[in-house]
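Student: As numbered in our numbering, residues 1077 to 1319 make up the sequence shown, in order. Positions of the beta carbon are idealized from the N, C-alpha and C atoms, including for glycine. Bear in mind the structure is a predicted one, so any value in this text is a computation, not a measurement. Structure incoming, see below.
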Amino acid sequence: MDTIENIRDNIDTYHDEWFTEIKVCDTAGTVPTTPRTCALQTHHSNAPASSPSEYYLHTISILLIDNLLSVLKSRFSSHQSVALLGLCTVPSAMLVIPVLEFLTQSSLLADKYKDDLLFPISFASEREFWKVKWLRFAEEHETTSLLSDLATTLQQVSSMYLNITVLLIILATLPVTTCSVQRSICLLKRTKTPICSTTTTEKLTGLSLLHIQKVIIIDVEGVIDEFSQANPRRMQVADILTD
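Below, the structure is given as C-alpha cells:
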C-alpha cells in the first residue's frame, strides 16, 4: 500500500513514464488525441486537459490509482492488520517467527483485545507457557505434525490458557469479507441507462431504491397523485377505472 501511495503522490512523474509506451500506436498508424469537448455537459464532464497526455492523466491514471488505494484500504484496514497478528499464536507459525517478533505481535494483539481477555495481567506468563508447550511438542514429534490452523488449535487448547482461548475464538470468528447485501443485477439494469446518460452525483436513489427494497410498501395511487401535482401537464392524470 505504501508503494501505491507513493505512486499517487508522484503521479505526474509516473504517468509521463507510462505515457512513453504510447509509441506502440505508431505501428498501427494511430495518433493519440483527446475527445471533443462539449459546451453543454449533459452526458459527461469535460476533463481539464490541453494535451492527450494530460487528458489520460485525469481520466485514467489518477482514477485507477485512487480506486486501487480505496480497495486496498477497505480490504486491509488497521483492525484487520492487528487481527492478522493473531496467527502468531498458532503453533506452526509461532515456532517459525523470531522470538522478538512473536513477543511484539502477541503484545499488540493482547492490547487490541484487552477488554475481552479474562485475565489480561497474566497474558505474558500464559504466552510463555503456551510457547514452551509447543516447543517440547516439536522436540518429541515431527515439525509437520504441529497445528497449522485456528480450528484444530482451538480443539487442542486446554482450560489453563484462558487468554489464548479467547484470542483464538476472536480470530476464528472475525469476518474476512463484508456481509452487506448485494444489489440484484437485474434491478440495476433498469437504472443503468438513465444514470449513464445524465451528469449527476446521486446514484441509485429515489424510485430505484423503492423498487430494490422489497420491505418498502409503495402506494401506487399516492405516487401518481403526487407526480401529477408536482409536474402538471395539459392532459389530466385521471383514473380511467373510476372516472
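Our contact map puts W1210 next to Y1237 with C-beta atoms below 8 Å; I'd like the distance itself, whole angstroms only.
Tutor: The pair is not a contact, with the Cβ atoms about 11 Å apart (cut-off 8 Å).
Student: For the stretch 1128-1138 against the stretch 1162-1174, do three or more pairs of beta-carbon atoms, one drawn from each stretch, fall closer than 8 Å, so that the two count as touching?
Tutor: The stretch 1128-1138 is not in contact with the stretch 1162-1174.
Student: If I measure Cβ to Cβ from E1081 and keep anything under 8 Å in the same chain, skipping five residues before and after, which residues do I get?
Tutor: L1145, listed in sequence order.
Student: Please state whether the Cβ-Cβ distance between A1125 and T1109 is less than 8 Å.
Tutor: No, the Cβ-Cβ distance between A1125 and T1109 is not below 8 Å.
Student: In this structure, does DSSP put P1111 in helix, strand or coil?
Tutor: Three-state result, P1111: coil.
Student: Pull up the CB-CB distance for V1233 and T1241, whole angstroms please, since I reckon it's below 8 Å.
Tutor: Between T1241 and V1233 the Cβ distance is about 5 Å, and since that is below 8 Å, they are a contact.
Student: I'd like to know if the stretch 1181-1194 and the stretch 1157-1166 are in contact, where contact means that at least 3 CB-CB pairs between them fall below 8 Å.
Tutor: Taking 8 Å as the limit for Cβ pairs, the verdict is that the stretch 1157-1166 does touch the stretch 1181-1194.
Student: Buried or exposed, going by whether 16 or more other CB atoms sit within 10 Å of the CB of E1177?
Tutor: Classification of E1177: exposed, given that the 10 Å Cβ count is below 16.
Student: Using three-state DSSP, classify P1174 as helix, strand or coil.
Tutor: Coil, per DSSP.
Student: In chain order, what are the residue ranges of uninterrupted alpha helix (DSSP H) at least 4 long that sit wholly in the stretch 1161-1231?
Tutor: If we require 4 residues or more, the alpha helix (DSSP H) runs fully inside the stretch 1161-1231 come out as 1167-1170, 1175-1188 and 1199-1216.
Student: Any idea if N1239 is buried or exposed, counting beta-carbon neighbours within 10 angstroms, 16 or more meaning buried?
Tutor: That one is buried.
Student: According to DSSP, is F1303 helix, strand or coil?
Tutor: Helix at F1303.
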